[in-house]
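Okay, so here's the structure we're looking at.
Protein chains: 2
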Amino acid sequence: MTMTETETETETVPLGDYLFQRIHQLGITKILGCPGDFNMTLLDHIFNVEGLDWVGNCNELNASYAADGYGRVRGVPGVLVTTYGVGELSAINGVAGAFAEHVPVLHIVGTPARPEMEYRMWMHHTLPAGTDSESPDHHVYQRMSAPVRCVCAALDDVDTLAEEVDRVLITIWRKSLPGYIYVPIDIVNAPVPKSKLDVELKLKIINPDPSLEDALVLDILDAIYKSKSPTILVDILARRHRSRKLVMELIDKTQIPSFSTDLAKGFVDEDHPAFVGQYNGRLSLPGVAEAVERSDVVINIGPLISDSNTGGFTRFIEDKHLIVLHPSYIEIFGVRHEGLHFLPVLEKLVAQIDKSKLPKLRTVESFNIGPPKVVESPADISTSYFYKYIGDNFLKANDIVIADSGTAQYGINEARFPSNINFTTQLYYSSIGFALPAALGACVAQREIDAEGGAKARVVLFEGDGSAMMTIQELSTITRNGYNPTIFLINNSGYTIERAIHGPEAKYNDISPNWHWTELFKTFGADESKYFAAKVTTKEELEDLLASKEFAEAESKARFVEVVMDKMDIPWRLSGQMAIMGEKVKQWSIDYSSKRGEVPRAV
Amino acid sequence: MTMTETETETETVPLGDYLFQRIHQLGITKILGCPGDFNMTLLDHIFNVEGLDWVGNCNELNASYAADGYGRVRGVPGVLVTTYGVGELSAINGVAGAFAEHVPVLHIVGTPARPEMEYRMWMHHTLPAGTDSESPDHHVYQRMSAPVRCVCAALDDVDTLAEEVDRVLITIWRKSLPGYIYVPIDIVNAPVPKSKLDVELKLKIINPDPSLEDALVLDILDAIYKSKSPTILVDILARRHRSRKLVMELIDKTQIPSFSTDLAKGFVDEDHPAFVGQYNGRLSLPGVAEAVERSDVVINIGPLISDSNTGGFTRFIEDKHLIVLHPSYIEIFGVRHEGLHFLPVLEKLVAQIDKSKLPKLRTVESFNIGPPKVVESPADISTSYFYKYIGDNFLKANDIVIADSGTAQYGINEARFPSNINFTTQLYYSSIGFALPAALGACVAQREIDAEGGAKARVVLFEGDGSAMMTIQELSTITRNGYNPTIFLINNSGYTIERAIHGPEAKYNDISPNWHWTELFKTFGADESKYFAAKVTTKEELEDLLASKEFAEAESKARFVEVVMDKMDIPWRLSGQMAIMGEKVKQWSIDYSSKRGEVPRAV
Ligand SMILES: Cc1ncc(C[n+]2csc(CCOP(=O)(O)OP(=O)(O)O)c2C)c(N)n1
Ligand SMILES: Cc1ncc(C[n+]2csc(CCOP(=O)(O)OP(=O)(O)O)c2C)c(N)n1
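Chains as they are written, first to last, in UniProt numbering: chain X, 1 to 603; chain C, 1 to 603.
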């Protein structure tokens with residue numbers, strides 16, 4: 001049967017199909033989340049898309065963390081579906097973390113039908129408006145999520161469904177931030193012209209004025225050619241905006257001495273001949289801060305300048321030496337051009353840069369970077385030893401490494417990474433419990449990378465006991481789906497990082513004691529074929545385990561290693577961060593109080 | 001040493017002490033929550049208050065559910081402390097549930113110091129403003145929580161600290177809704193005049209115009225005296241506003257035939273001579289709806305008229321027969337007086353009502369209430385059997401009973417409650433996973449009630465497997481603190497209520513299989529002296545267990561009973577609710593679509 005043009009044009013698919021087809025076109029194979037009364041008919045459409053599947057989470061916060069973890073690893077939006085109110089609010093903290101750290105996440109929320117919303121029916125999951133039990137405003141949750149998203153479509157008009165879905169996907173992709181789609185349950189099957197699925201999503205970032213780009217590229221090239229000691233400093237927004245290939249091309253091509261920040265650790269291969277060190281203001285290894293700050297041209301790609309990513313605001317790079325390539329502006333020696341995305345600029349830069357015009361570059365050795373401080377611990381396994389050992393003996397090229405907030409986040413910097421490590425830590429938003437479900441999301445991403453013939457990657461998680469407790473049930477989703485991360489659980493009897501900050505012996509820094517960590521997989525129903533679990537308290541045990549045949553053979557399973565450390569083993573970067581911030585905060589307080597005529601107060 | 005008056009007047013306490021002293025004055029002995037960088041110095045002040053202690057939770061969502069559960073049982077605000085952003089947003093869904101269902105909860109959030117907020121520093125846990133990485137607006141979270149609170153104080157001005165704290169506590173108490181106090185870390189030790197602690201908190205509810213109250217009371221009395229068939233219908237806001245004693249006095253005194261709604265089940269003692277039945281529109285037992293709806297004067301106290309609490313909007317009480325006593329208005333036969341709280345009115349009513357002037361009342365027997373429908377199940381233990389058996393053989397007077405959303409929430413209605421059951425279920429907000437931490441909160445409340453010489457109460461929880469997974473780690477907080485709830489875990493292999501609604505065999509309604517439920521306490525570190533766990537799959541096993549000496553002797557421990565039921569065992573009230581709502585939704589959809597010129601769509 002042949003179709004006339006009009007027939008083809010009027011062929012339709014239900015909105016649900018359209019939405020999930022579009023999502024699948026981005027290379028996404030798994031939808032995360034939890035079902036609910038207002039999203040189940042939508043979820044049915046997942047199964048209409050070949051190659052797309054559902055991974056149910058134990059709760060919605062975990063689902064959002066998993067979607068975030070996926071987005072970080074893949075650079076493609078993690079997608080979660082939740083139900084109206086109860087589900088979406090449970091997930092909002094996870095989405096906020098993705099927003100803070102620029103991760104593409106799509107949060108789809110199934111809502112009551114449009115008539116129920118318009119007629120303000122007292123459906124379950126609604127909130128009375130105001131404090132005197134006025135009838136519910138069904139749009140209240142949409143307003144609550146506004147600060148944690150870059151775009152939102154509340155689908156309502158059957159005539160613009162495809163356009164609205166596309167607008168959200170494109171914006172999430174370009175901004176690398178979370179976005180929301182609210183799907184009223186009565187619109188799930190609304191017809192959308194099928195032909196719209198063939199229209200390519202305009203994902204490519206194009207700046208409004210290419211001639212301005214050209215001018216800026218010339219300025220930057222000129223600055224580099226004239227400089228005596230150029231450096232490249234890569235930060236996390238470079239990864240978020242999928243520029244790793246370009247950045248590494250720039251470094252490969254020029255061999256300009258290069259640095260990553262703590263948030264972007266591993267972005268520049270740490271075994272690359274041009275890699276000098278990790279720059280985090282005063283909390284860098286000896287020699288690093290000088291190396292960056294005395295450079296006469298610092299090309300800073302994708303900065304995120306939060307307290308912990310700048311050594312407590314001790315990043316001192318003078319404007320007159322600084323070129324910033326940012327997703328929302330280009331800045332050259334103090335002159336900022338707003339509204340330009342760095343990607344097209346970087347592309348031109350890489351294409352045009354001429355090595356022969358570069359100054360004579362310093363060798364990495366000439367920077368004379370000092371060794372890390374070693375912190376002693378009464379326990380046999382110390383953080384100083386552990387992370388260094390893991391870096392030297394366990395991590396492999398292409399690993400996906402995740403460290404949760406806590407001592408793990410600071411300790412991990414003792415590890416020298418092999419090449420192409422995809423590292424994630426929430427050093428800025430710092431919501432604990434994030435990392436375990438994020439590792440699940442990373443496993444989902446890893447399978448897709450594998451399937452696309454990408455680098456064989458392993459997922460490796462470092463997680464404190466206090467953080468792990470927050471989201472522990474998601475372990476069961478990992479084995480249920482046959483994923484095989486390696487999890488190092490740091491059992492240091494409570495919230496050690498908080499003990500370091502305040503109240504070392506305070507009751508509030510203790511956690512539920514005596515968890516049998518290595519029993520968790522079993523209790524959560526995992527079959528022995530799906531997991532391996534062990535506990536180590538000494539260096540010897542750890543080293544034997546990691547070297548054992550048993551452990552190696554368990555690589556296809558989820559591996560869980562409980563590592564016992566001391567309650568007060570504080571990585572030096574953490575104590576350093578506290579000391580610096582303590583001083584800053586005191587200064588601000590004096591300044592602020594004097595303005596208000598108050599006595600400054602300790603914080 | 002004697003003090004002059006001026007010296008006494010200028011004696012101060014730190015804000016932290018003031019806050020927690022005030023909280024303790026309300027009879028509260030435990031603070032829930034999780035520590036964080038921005039609240040630890042505040043938490044120190046808990047320990048300055050004799051009789052006040054900290055109960056740390058595994059995560060903040062659980063803490064909010066626990067505070068909510070506490071508030072429901074005690075009628076006194078549950079208090080949780082979280083940290084800025086990450087903690088407070090994790091808790092927001094729990095607070096929303098308390099808001100929806102009118103539970104007093106105080107959410108204290110520790111924030112960055114005032115200078116950091118004013119100078120918009122990029123502290124960890126902040127959110128960049130907008131999508132182009134503008135510096136963070138530190139007040140964004142305060143705006144996000146606005147729809148789920150009745151009052152908020154962002155402490156900032158050292159001169160009004162006591163007043164602000166008092167204002168929040170008083171408003172929470174009177175409104176019976178959640179409120180927030182934001183405490184910047186630099187204000188924790190600000191001095192507050194100690195004498196302010198002696199000023200009584202004005203908790204008592206007083207209406208602006210007592211003469212209007214008098215007039216309304218006369219009108220209500222007149223209506224009752226003239227009526228032929230008065231009834232009393234009690235709903236959940238009656239419990240929230242601490243009116244149980246008054247209401248029971250009214251019923252005792254008058255013996256007017258009385259009903260509770262499903263949300264308020266057990267409020268009117270079900271063995272009281274005047275108790276007729278549970279009214280939930282068309283989803284009541286045979287005879288109940290007629291009894292209420294044919295009454296010529298229905299005194300409806302504290303209504304919350306959501307879909308599931310009205311048999312899917314099938315509550316048909318005509319205005320001309322209806323008197324509503326509500327926290328924000330009094331309504332008599334269609335005439336509403338806004339801004340009057342029912343408590344003072346009810347007090348006068350109870351004092352003035354004269355039994356001799358009442359009509360001859362119908363006896364409970366004369367209503368001829370029918371028996372519940374029995375739903376068959378392929379499993380030996382069915383919901384129909386189980387809840388009835390529990391009601392008849394396990395529950396005792398004064399028990400605190402909690403049922404999570406799911407089949408438990410509907411099935412529990414098969415249980416005939418002994419007297420003075422304090423029952424909680426989130427039938428309106430319906431956030432699953434709520435009930436397990438709420439049971440922890442209930443245990444906290446129960447200890448306080450015991451200590452005050454109140455009725456010896458037990459905490460009894462009914463919870464589905466899918467719900468339990470959402471918040472399971474909180475089990476460890478229960479045994480860690482030596483609490484002893486009895487937990488019935490309904491293992492029916494997934495989200496049964498959702499299977500009933502849509503997708504009985506859909507993948508998204510399955511959950512992680514094979515959890516070893518009875519091993520959880522052990523795995524979470526509980527000592528054998530702290531818990532008892534068993535699994536039952538047959539009636540015989542259940543009945544033997546409940547009758548056993550072993551089980552009885554374990555009453556001082558946390559008792560966990562895994563009850564295996566069929567995957568598709570749907571309580572009749574649930575199928576009824578679905579059928580009714582299906583019809584309603586269809587009607588609304590036809591109406592709505594015709595207005596928009598659209599084809600109505602199934603939902
Ligand atoms: C959701 C959330 N709640 C609370 C905090 C405050 N906080 C930051 S780190 C931390 C303790 C982490 O302890 P753990 O995971 O055991 O790691 P450790 O430092 O002990 O190695 C806490 C409670 C937070 N950042 N996020
Ligand atoms: C936080 C949250 N997420 C999702 C839902 C949607 N939902 C309502 S009931 C339910 C299933 C409950 O299953 P279970 O606890 O196992 O009880 P059952 O009905 O199987 O007895 C779900 C997923 C919800 N109400 N709240």
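No residue lacks a Cβ here, since even glycine has one placed at the ideal position from N, Cα and C.
Can you pull the DSSP bridge partners for T12/X? P193/X
Going by DSSP, which residues form a beta bridge with Y182/C? V109/C, A154/C
What does F99/C reach in chain X if we use C-beta pairs closer than 7 Å? L127
Under three-state DSSP, which class holds W517/C? helix
Classify F99/C: buried if its beta carbon has 16 or more other beta carbons within 10 angstroms, exposed otherwise. buried
Does the CB of M1/X have a neighbour CB from chain C at under 8 Å? At M1/X the pLDDT is 38, less than 50, meaning the model places this residue with poor confidence; the figure from the coordinates comes in the next sentence. So no, M1/X is outside the interface.
Top-ranked residue by Cα proximity to D399/C, from P115/C, Y141/C, A96/C, A442/C: A442/C
From D510/C, I172/C, G94/C, K557/C, residue whose alpha carbon lies closest to that of F532/C: K557/C
Do we get a CB-CB distance below 8 Å when we pair R114/C with the residues of chain X? Chain X, which has a Cβ nearer than 8 Å to the Cβ of R114/C, makes this yes.
Compare the C-beta of G27/X with all C-beta atoms of chain C and state if any pair is closer than 8 Å. no
Is there at least one Cβ from chain X nearer than 8 Å to C152/C's Cβ? no
Does at least one heavy atom of ligand 2 sit under 7 Å from the Cβ of Y84/X? No, the beta carbon of Y84/X sits no closer than 7 Å to any heavy atom of ligand 2.
Could you run through the stretch 8–22 of chain C and flag, in chain order, every residue whose CB is less than 8 Å away from some CB of chain X? Only those residues of the stretch 8–22 of chain C whose C-beta falls short of 8 Å from the nearest C-beta of chain X would be listed, and there are none.
Skipping 5 residues on each side, what residues in its chain have a beta carbon closer than 6 Å to that of K586/X? Cβ neighbours of K586/X beyond the five flanking positions: none.
Using a 10 Å radius around the Cβ and a threshold of 16 neighbouring Cβ atoms, would you call Q426/C buried or exposed? buried
As assigned by DSSP and simplified to three states, the class of D137/C: coil
Using three-state DSSP, classify P230/X as helix, strand or coil. Here P230/X sits in strand by DSSP.
Can you find a heavy atom of ligand 1 that lies under 7 Å from the Cβ of N492/X? yes
Nonlocal neighbours in the same chain, by C-beta distance under 6 Å from G391/C, ignoring five residues either side: Shown here for G391/C: same chain residues with a beta carbon closer than 6 Å to its own, the five before and five after excluded, namely A415, R416 in chain order.
Please confirm whether L436/X and I497/X have their CB atoms less than 8 Å apart. no
Between Q496/C and ligand 2, is there a pair consisting of the residue's CB and a ligand heavy atom that are separated by less than 7 Å? It should be noted that the sequence gives Thr, not Gln, for residue 496/C. Answer for T496/C: yes, Cβ within range of ligand 2.
If the cut-off is 7 Å on Cβ atoms, which residues from the stretch 151–176 of chain X count as contacting chain C, listed in chain order? Answer set for the stretch 151–176 of chain X: V158, K175.
For R336/X, three-class secondary structure by DSSP: strand
Supposed contact pair F521/X and G266/X - C-beta distance, whole angstroms, cut 8 Å: Between the beta-carbon of G266/X and that of F521/X there is about 28 Å, and that puts the pair past the 8 Å contact cut.
Selected residue, minimal CA-CA separation from R282/C, among M578/C, G597/C, T82/C, D591/C: For the residues M578/C, G597/C, T82/C, D591/C, the minimum Cα distance to R282/C belongs to M578/C.
Interface flag, A96/X vs chain C, CB-CB below 8 Å: yes
Where D262/X falls, given that 16 or more other Cβ within 10 Å makes a residue buried: Buried, by the Cβ-count rule.
DSSP three-state assignment for V297/X, whether helix, strand or coil: strand
Cutoff 6 Å; reference P286/C; Cβ partners in own chain excluding five residues on either side: G370
Tell me whether T471/C counts as near ligand 4, meaning its Cβ is closer than 7 Å to at least one heavy atom of that ligand. Ligands present in the displayed structure are limited to ligand 1 and ligand 2, and ligand 4 is not among them.
Neighbour flag for R294/C against chain A, beta carbons, 8 Å: Checking the listed chains, one finds no chain A in this structure; the protein chains it contains are X and C.
Identify which residue in E88/X, D450/X, E200/X, T41/X has its Cα closest to the Cα of A63/X. When each option's Cα is compared against that of A63/X, the closest is E88/X.
Contact set for I181/X: own chain, Cβ-Cβ below 6 Å, skip 5 residues either direction: Closer than 6 Å at the Cβ level, and outside the excluded window around I181/X, lie I108, A153, V168.
Would you check whether ligand 2 has a heavy atom nearer than 7 Å to the C-beta of C34/X? At a threshold of 7 Å, C34/X counts as near ligand 2, since its beta carbon sits closer than that to one of the ligand's heavy atoms.
Using DSSP with H/G/I as helix, E/B as strand and the rest coil, what is E562/C? strand
Coil, strand or helix - A264/X by DSSP: coil
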